[in-house]
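Enquirer:
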Amino acid sequence: MVARTPTVWGAERARQQAATPSRGRSLPVRAPGGTLAAVVARAQPERTRVTDVKPLSRGAERMPISGIRLVMDLAARIPDAIHLEVGQPDFRTPPHIIEAAHQAAVDGFTAYTPNAGLDSTREACAQKVRAENRIECATENVLITVGSEGAVASAFVALVDAGDEVLVPEPGWTNYAMLTHAREATPVPYILREEDGFVPDPAAVEALVTPRTKMLVINTPANPTGAAYPAETVQALVEVARRRDLYVLSDEAYEKLTFGPEHVSPGRYDADRVVTAYSFSKSYAMTGWRVGYAVAPERIARAMIQLQEPYYSCAPSVSQKAAEAALAGPQDCVREMVDAYATRQEIVLDTLSPTGFVTYSPSGAFYVLVNIRATGMASYDFAKECLAETHVAVAPGATFGASADGWIRISVATSTEGVREGSRRILDYLRARSA
């Protein structure tokens, strides 16, 4: 048995439940960690708190803290921890991309660019989208962003108002709900079911639409499930949006990481209402370069470009040149990563599927959801105790939505040996806690 590591989550919960804002209104409780307002309040030294200070914005007060970050902080205290909690590729950025960035810096590409990005980068992205995603796309439809997160955030700011409703996948990337709250709008989850392979039911999605619904978020291949949606499902979801006059935000950060059928972009079915967010981080191991791009109808693209000025002006100029090299250069690096992730997912499935802890086959991204219901534990408690007992860090399912509390997420974006050993330890822990 590995020595137990002291944790702070019990005390954290107690402090969270006791925390109230200065004007007497109870904060919503989110386990663990609470809202941003509660965390900020606790971070202030007691002697400097002023009881009549103005509150934070309502968006900040409602903002949940990422459970993945909490696990990462705890795992950072364990030198030999196996990190299966975060989607950080263990590959290095390919050399030809680094060399292009170096040459760009030498050539003087170190200043601000236009808000929309360099024309050469925008055109390179437009060419790729036309050829690979089969979306009608001109340079004017493209804006270069600070990662695909910048594209997603810009879309929310451009399209979502206070009081709107946004349909978000659950289990789903927590940032969708966070951004919805930041806009003082309401996230409405559409549930992805294990028995359906975590592929959405378009009819069930449509049943959630109300007069306040403004946007439908689609994420394929999906985080945290690894599900890649079939073409007929994607087309049906776009048809729902067309019938009910909704915008669609398609998050395609994992578009190149598919192990089965070809990736299908919603934008190919209706380029006039779909905003698509693309990433270089996952496909080219460029998480730290902070460059992505969005493709949108020209009217929406213009608004998103204008919004970049007050938020972050432009994406890093050197990173934009690196992105051009990623698209134009050899794609062997992508195939190598995809093959490695597929192999690692198979290791997880071979280890955990025979015992029923995984009951579906992911077809994309680099994640696997593991069913922990047999333990009777909440996912945050499981993640905390599993880390302490086995030194394996996993992401608690509840961070991806309340209905996901019966799962944990494993990321295979680490070494093959780490995935193999981590899966073995998780299996042993699951068996011990399920007995």
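Residue numbers for the sequence shown follow the numbering used here, so the first one is 3 and each next one is one higher. All C-beta atoms, glycine included, are put in the ideal place defined by N, C-alpha and C. Predicted model only: the values in this text are computed from it and were never measured.
Kindly indicate the opening and closing residues of the alpha helix (DSSP H) around glycine 152.
Expert: Note, glycine 152: alpha helix (DSSP H), 149-161.
Enquirer: Residues in its own chain within less than 7 angstroms of aspartate 407 by CB, not counting five upstream and five downstream?
Expert: If we look at aspartate 407 and ignore the five residues flanking it on each side, its Cβ neighbours are Ala380, Ser381, Gly399 and Ala400.
Enquirer: For arginine 433, which residues of its own chain have a beta-carbon under 8 angstroms away from its beta-carbon, when the five flanking residues on both sides are left out?
Expert: Closer than 8 angstroms at Cβ, skipping near neighbours: Thr357.
Enquirer: Please report the straight-line C-alpha distance between proline 171 and valine 219, rounded to a whole angstrom.
Expert: So the two alpha carbons sit approximately 7 angstroms from each other.
Enquirer: On the CB-based measure, 16 or more other CB atoms within 10 Å of its CB, does glutamate 419 come out buried or exposed?
Expert: Flag for glutamate 419 reads exposed.
Enquirer: Name the one or two DSSP bridge partners that serine 281 has.
Expert: DSSP lists Gly294 as partners of serine 281.
Enquirer: In angstroms, rounded to a whole number, what distance separates the CA positions of proline 191 and serine 365?
Expert: Roughly 22 angstroms between the two C-alpha positions.
Enquirer: With a Cβ-Cβ cutoff of 8 angstroms, do alanine 102 and alanine 287 count as a contact?
Expert: Result no, Cβ atoms of alanine 102 and alanine 287 do not sit closer than 8 angstroms.
Enquirer: Quick one, are the C-beta atoms of alanine 317 and valine 148 less than 8 angstroms apart?
Expert: Going by C-beta atoms, alanine 317 is nearer than 8 angstroms to valine 148.
Enquirer: Give the range of the beta strand (DSSP E) segment to which serine 252 is assigned.
Expert: 249-253 is the span of the beta strand (DSSP E), which, as asked, contains serine 252.
Enquirer: Between the C-alpha atoms of valine 336 and lysine 56, what's the straight-line distance to the nearest angstrom?
Expert: Roughly 50 angstroms between the two C-alpha positions.
Enquirer: May I ask you to report which of helix, strand or coil DSSP gives arginine 32?
Expert: Note that arginine 32 scores a pLDDT of 43, beneath 50, so its modelled location is shaky; the value from the coordinates is reported in the next line. Arginine 32 falls in the coil class under three-state DSSP.
Enquirer: Let me make sure I understand the geometry here. Which of Val201, Asp163 and Val154 has the alpha-carbon closest to that of threonine 227?
Expert: Answer by Cα proximity: Val201.
Enquirer: Whole angstroms is fine: what's the gap from threonine 353's alpha carbon to alanine 206's?
Expert: Taking the straight line joining both Cα atoms gives about 33 angstroms.
Enquirer: Could you check how far apart the C-beta atoms of glutamate 186 and arginine 60 are, in whole angstroms? I think they sit under 8 angstroms.
Expert: Yes, they are in contact, since the Cβ atoms of glutamate 186 and arginine 60 sit about 6 angstroms apart, within 8 angstroms.
Enquirer: Could you please give the first and the last residue of the uninterrupted beta strand (DSSP E) stretch that includes arginine 411?
Expert: Start and end: 409-413.
Enquirer: How is the beta strand (DSSP E) around asparagine 373 delimited, first residue to last?
Expert: Looking at the DSSP string, the run of the beta strand (DSSP E) that includes asparagine 373 is 369-373.
Enquirer: Counting Cβ pairs, one atom from each stretch, are 3 or more of them under 8 angstroms apart for the segment 149-166 and the segment 297-315?
Expert: Result yes; three or more Cβ-Cβ pairs closer than 8 angstroms.
Enquirer: Taking 8 angstroms as the threshold (C-beta atoms), are valine 240 and tyrosine 271 in contact?
Expert: Contact: yes.
Enquirer: Thinking C-alpha only, which one of Thr416, Ala367, Ala415 and Ser355 is nearest leucine 429?
Expert: Considering only alpha carbons, the answer is Ser355.
Enquirer: Tell me the DSSP bridge mates of proline 171?
Expert: DSSP output for proline 171 lists Tyr192 as bridge partner(s).
Enquirer: If you count every other CB in all the chains shown that lies within 10 Å of the CB of histidine 183, and 16 or more means buried, which is it?
Expert: It counts as buried.
Enquirer: Roughly how many angstroms lie between the CA atoms of lysine 130 and lysine 386, to the nearest whole one?
Expert: C-alpha separation (whole angstroms): 42 angstroms.
Enquirer: Got a sec? Which residues, its chain only, sit under 7 angstroms from glutamate 167 by beta carbon, not counting five neighbours each side?
Expert: Excluding residues within five positions, the ones whose Cβ falls inside 7 angstroms are Ala187, Thr188, Val190, Thr212, Arg214, Thr215 and Lys216.
Enquirer: Identify whether proline 332 lies in helix, strand or coil by the three-state DSSP scheme.
Expert: DSSP places proline 332 in coil when its eight states are reduced to three.
Enquirer: Please tell me whether asparagine 225 has its Cβ less than 8 angstroms away from any Cβ of chain D.
Expert: No chain D appears in this structure, which consists of one protein chain only.
Enquirer: With distances taken from CA atoms, which of Tyr295, Ala437, Ala390 and Thr361 is nearest arginine 195?
Expert: Per the Cα distances, Thr361.
Enquirer: Under 8 angstroms by Cβ, that's how I've got isoleucine 100 and glycine 424 pegged, so tell me the actual separation to the nearest angstrom.
Expert: Incorrect: roughly 29 angstroms between the Cβ atoms, too far for contact.
Enquirer: Is it true that the CB of asparagine 135 sits closer than 8 angstroms to the CB of glutamate 311?
Expert: Cβ distance not < 8 angstroms, so glutamate 311 and asparagine 135 don't count as in contact.
Enquirer: What are the start and end residues of the alpha helix (DSSP H) that includes methionine 379?
Expert: Careful: methionine 379 lies outside any alpha helix (DSSP H) and carries neither H nor E.
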